[in-house]
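**Student:**
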Amino acid sequence: MNEFFPLSLWLKGRESLKKFIDANEVKLCFQLGSFISLDKHYYIHNIEEASAQSLSMSWDKTNEYIKKALSLIDADYDDVLSKEEGGMIEYEIGKAPKHCYPIYIVTVGKEETEKVVYIGKTSAKK
18 MNEFFPLSLW LKGRESLKKF IDANEVKLCF QLGSFISLDK HYYIHNIEEA
68 SAQSLSMSWD KTNEYIKKAL SLIDADYDDV LSKEEGGMIE YEIGKAPKHC
118 YPIYIVTVGK EETEKVVYIG KTSAKK
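To convert, note that position 43 of the sequence shown is 60 in our numbering; the numbers rise steadily by one, no gaps.
Here is the structure:
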């Protein structure tokens, strides 16, 4: 399964960061649509192994990454990167953070008899 990195097109020089301008002042709107990517599963008796994730933590990591990247290359939000700049950012700072909004789906049964018994979301940070 491929992981989703929303900054990947910016780092490849295919789009600007205009959608992240004044990101700290943006009011998040969850009614605009989304997608679900199932990247991990845990058996219920191993759930304590799951690491905390939240949309606010993801949003903060993304904004911090953008600030470091722009500082590194001395660029503005609306600049489109060259491939060299994107490569330098990933080399110096690392891979861009993923976005996440944890959705929990609890199922019972196996294969054909598996049924969803609970769907939830969290903003927990631990």
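C-beta: ideal position from N, C-alpha, C; glycine also.
Give the DSSP-derived three-state secondary structure of residue 34 in the structure shown.
**Tutor:** coil
**Student:** Would you give the residue range spanned by the alpha helix (DSSP H) that residue 79 belongs to?
**Tutor:** 72-90
**Student:** Touch check for the stretch 72-79 and the stretch 106-125: three-plus C-beta pairs under 8 Å?
**Tutor:** Contact between the stretch 72-79 and the stretch 106-125 is present, because at least three Cβ pairs lie under 8 Å.
**Student:** By Cβ distance, which residues of its chain are closer than 6 Å to residue 32, with the 5 residues on each side in sequence left out?
**Tutor:** Excluding residues within five positions, the ones whose Cβ falls inside 6 Å are 26.
**Student:** By how many angstroms is the C-alpha of residue 63 removed from the C-alpha of residue 18?
**Tutor:** Residue placement at residue 18 is flagged as unreliable, the pLDDT there being 46, under the threshold of 50; the coordinate-derived value follows with that caveat. Looking at the two C-alpha atoms, the distance is approximately 22 Å.
**Student:** If you drop the 5 nearest sequence neighbours on each side, which residues of the same chain put their C-beta closer than 8 Å to that of residue 102?
**Tutor:** Once the five neighbours on either side are set aside, the close Cβ partners of residue 102 are 30, 90 and 92.
**Student:** At the level of alpha carbons, what is the spacing between residue 127 and residue 71?
**Tutor:** 29 Å
**Student:** Of the choices 133, 135, 120 and 130, whose alpha-carbon is the least far from that of residue 67?
**Tutor:** 120
**Student:** Consult DSSP for residue 18 and reduce its assignment to one of helix, strand or coil.
**Tutor:** Annotation note: pLDDT 46 at residue 18 (below 50); position unreliable, coordinate value reported separately. Correct three-state label for residue 18: coil.
**Student:** Name the one or two DSSP bridge partners that residue 108 has.
**Tutor:** Its beta-bridge partners do not exist; DSSP assigns none.
**Student:** Looking at the unbroken alpha helix (DSSP H) that takes in residue 25, where does it start and where does it end?
**Tutor:** 25-28
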